[in-house]
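Peer 1:
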Amino acid sequence: MKGRAGRIAVYAVLAVLGAVVALAGALVQAGWFPLGLLLALGGAVALFHGGARLTRTKTGAAAPAGGWMLAVLLLSSSRPEGDFFFGTGWGTYAFLLGGMLAAVICATFAPSGYLFRTDATTR
């Protein structure tokens, strides 16, 4: 796939991977505390930064961050029985806020594709 359809497909895959990383991080951060929290945040940062480096756009970091955020919001909503997926504690809040901060940082400092072009038309 080339062009616009290829970029959209890559962004969609990155968004799905963001949701998967959020689900895995939600399970790991509480199960293996405190190393699980570091592992969960490290996985999120790696995905956000990797998406930005892969596509060389800010959208490459924003697509997995959007999938991550959507999954986290769905997991943090209460069920009719009153249950929550996330437990209460500072580790959960560190995961939520740390993931959001990582998404913003990776999207802000995403590499631009124009920095890597060497042809004469961009000079």
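Note that our numbering has the sequence shown beginning at 8, numbered continuously upward. For every residue, glycine included, the Cβ atom is placed at its ideal position computed from N, Cα and C. In this text the structure is predicted, and so the values were computed from the model without any measurement.
(1) On a Cα-Cα basis, can you pick out the residue from A16, G25, A59 that is closest to A78?
(2) Would you kindly work out how many angstroms separate the C-alpha atoms of A31 and T95, rounded to a whole number?
(3) What does the Cβ neighbour count give for A68, buried or exposed, with the cut at 16 atoms within 10 Å?
(4) Quick check: F91 and Q36, are their CB atoms within less than 8 Å of each other?
(5) Residue range of the alpha helix (DSSP H) that T99 falls in?
(6) Three-state secondary structure (DSSP) at W75?
Peer 2: In terms of the structure at hand:
(1) Among A16, G25, A59, the Cα nearest to that of A78 is on G25.
(2) Distance between A31 and T95, taken at the CA atoms: about 18 Å.
(3) Result: buried.
(4) Their beta carbons are not under 8 Å apart, which means F91 does not touch Q36 by this criterion.
(5) Following the DSSP letters along the chain, one finds T99 inside the alpha helix (DSSP H) bounded by residues 97-115.
(6) Per DSSP, reduced to three states, the secondary structure at W75 is helical.
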